[in-house]
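Read in order, the letters of the sequence shown are residues 1 to 378 in UniProt numbering. Idealized CB from N, CA, C, for every residue including glycine. Note that the structure is a prediction, hence the values are computed from the model and not measured. Worksheet: one structure, shown below.
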Amino acid sequence: MSTQLHLGVALDGAGWHPSSWRQSDARPEDLLTAAYWTDLTVTAERGLLDFVTIEDGLALQSDHPWRADARTDRVRGRLDAVQIAARVAPRTRHIGLIPTAITTHTEPFHLSKAIATLDFVSSGRAGVRVQVSSNPESTGHFGRPVADDPMAEAADYVEVLRRLWDSWEDDAEIRDAATGRFVDRDRLHYIDFEGRWFSVKGPSITPRPPQGQPLVAALGHGDPAYRLIAAGADLGFITPRSAHDIATITDTIAALRPAGAPRVQIIVDLVVFLGDTAASAAAHRAQLDTLLGREYISDAEVFVGTPAGLADLLTHWQTAGADGFRLRPATVPHDLAQITDGLVPELQRRGVFRTEYQQSTLRGLFGLSRPANRYVNS
């Protein structure tokens, strides 16, 4: 049997193309509603996808990477990604939910509690994508300087998250009404983290999540982001331009991984413009670029074509070392529907994608067991 690949979608507003909100099937009036995000996630789950990621930020979206712009023809404003995930969790049953969190300006104690709560709400389907920000616009909201090594700070941040998730043993809650004992205090642990950027005593105020350790993901375009992925991520989102790049990046991350740590699963990011024919896909992109006034460019490789053509690319890149793919639909609902109704059946015909969900947790979907608690018998 062929090796199964993992597949997820990255959700961001009306789509990843800046003009996506102007498409006839777009729903710009619904972008700030729970129903909108529920509909997108349910569509992704209908396609049996492993996960959705939800983008976030601490400054208004901008065409400029380091400052605000004055444009009024782009989507501006967003909801909190973790809270979106918590809202859609009860409306889904299988798909993993991975909100983005900006580590640079948030406290790890707060995020650990939020993601643990999401894991309970979703019955074990939570993850988190940690993201670093050096944007002065974001910094101005918080009144404190950015660390001189934000990637190293983020690596410490992830370590604090993981320790806090383990700070309750699995059987710490007794709930014995007859004896009046709700919790065994000996099974809660101080984490006593002392680092350059954080000093966190613990324990958490939220019990150990259903998965034990929700999955941690990070996006990297190069070093030092690869060091962050290697230091603490379960999933590494990467942006290669060729099959050769995948092999090189995979080897780089593996070499940086601490000895004895489980292998990072490599997930390739792609922006996709899809159509029933190559010509219709090209026209789809051309129309959007005309509205944009220039050719769309991205940090990730851009694919324009049919679902079958995309399946060719994914299976080729899978042989180069990719464990899976995070597709960024140029527009939703159009390109998301092309993924679930076109790409997924094509991958199923080729024997490289599931025909049903057989696991109940996000860790399970990635073939990862529930980890032991580091503090048991400590």
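Rounded straight-line distance, which links the Cα of residue j to that of residue i
| i | j | result |
| --- | --- | --- |
| Gly324 | Pro262 | 17 Å |
| Asp341 | Val302 | 20 Å |
| Trp317 | Val52 | 21 Å |
| His189 | Gly180 | 21 Å |
| Val130 | Ala218 | 5 Å |
| Lys118 | Ala126 | Reading the sequence as shown, one finds Leu at residue 118 and not Lys. Going by the C-alpha atoms only, they are around 6 Å apart. |
| Glu169 | Thr250 | 34 Å |
| Arg78 | Asp176 | 44 Å |
| Leu60 | Ala178 | 54 Å |
| Val82 | Val272 | 25 Å |
| Arg285 | Val304 | 8 Å |
| Gln265 | Ala114 | 24 Å |
| Arg46 | Leu343 | 13 Å |
| Leu7 | Leu327 | 8 Å |
| Ala233 | Pro371 | 14 Å |
Environment of residue i [buried if 16+ CB atoms lie within 10 Å]
| i | result |
| --- | --- |
| Leu11 | buried |
| Ile95 | buried |
| Ser369 | exposed |
| His334 | buried |
| Arg144 | exposed |
| residue 381 | Only positions 1 to 378 of the chain appear in this structure, which leaves residue 381 out of reach. |
| Phe142 | exposed |
| Met1 | Bear in mind that a pLDDT of 45 at Met1, under 50, signals an unreliable position, so the number given afterwards is only what the model happens to contain. Classification for Met1: exposed. |
| Ser24 | exposed |
| Ile205 | exposed |
| Asp30 | exposed |
| Gly351 | exposed |
| Arg257 | buried |
Backbone secondary structure at residue i - three-state DSSP
| i | result |
| --- | --- |
| Met1 | Only weak support exists for where Met1 lies, its pLDDT of 45 falling under 50; the coordinates are left without a value. |
| Phe198 | coil |
| Gly351 | coil |
| Trp168 | strand |
| Gly220 | strand |
| Leu7 | strand |
| Phe142 | coil |
| Gly127 | strand |
| Gly96 | strand |
| Gln358 | coil |
| Asp156 | helix |
| Gly342 | helix |
| Val88 | helix |
| Arg185 | helix |
| Pro207 | coil |
Closest by C-alpha distance to residue i, when choosing among the options
| i | options | result |
| --- | --- | --- |
| Asp35 | Arg78, Arg91 and Gln23 | Here residue 35 turns out to be Ala, not Asp, going by the sequence shown. Nearest option by C-alpha distance: Arg91. |
| Arg74 | Asp56, Asp234 and Pro28 | Pro28 |
| Gly15 | Ile249, Val42, Ala26 and Leu49 | Ala26 |
| Leu153 | Ser123, Ile267, Ser167 and Arg196 | The amino acid at residue 153 is misidentified as Leu; the sequence shows Glu. The shortest Cα separation from Glu153 among Ser123, Ile267, Ser167 and Arg196 belongs to Arg196. |
| Ala247 | Thr319, Glu159 and Ala114 | Thr319 |
| Pro224 | Val271, Asp148 and Leu288 | Asp148 |
| Leu161 | Ala172, His105, Arg175 and Pro214 | Pro214 |
| Gly57 | Arg227, Phe353, Pro99 and Ser24 | Pro99 |
| Ala255 | Glu295, Ala231, His6 and Glu173 | Ala231 |
| Ser122 | Val271, Lys201, Thr361 and Ser112 | Thr361 |
| His17 | Val9, Glu295, Gly367 and Ala279 | Glu295 |
| Leu235 | Ser242, Gly202 and Asp269 | Asp269 |
Residue i beta carbon near the ligand HEM (any heavy atom closer than 7 Å)
| i | result |
| --- | --- |
| Asp335 | Inclusion of the ligand HEM in the displayed structure is not the case, the ligand content being empty and no account of it being possible. |
Host beta strand (DSSP E) of residue i (start-end)
| i | result |
| --- | --- |
| Glu107 | No beta strand (DSSP E) contains Glu107, which DSSP labels as neither H nor E. |
| Ile238 | Leu235 to Ile238 |
| Thr53 | Phe51 to Ile54 |
For residue i, the first and last residue of its enclosing alpha helix (DSSP H)
| i | result |
| --- | --- |
| Glu295 | Neither: Glu295 is in no alpha helix (DSSP H) and is coded neither H nor E. |
| Gly364 | Leu362 to Leu365 |
| Pro307 | Pro307 to Thr319 |
| Leu40 | Ala34 to Arg46 |
| Leu274 | Here Leu274 belongs to no alpha helix (DSSP H); instead the beta strand (DSSP E) covers Gln265 to Leu274. |
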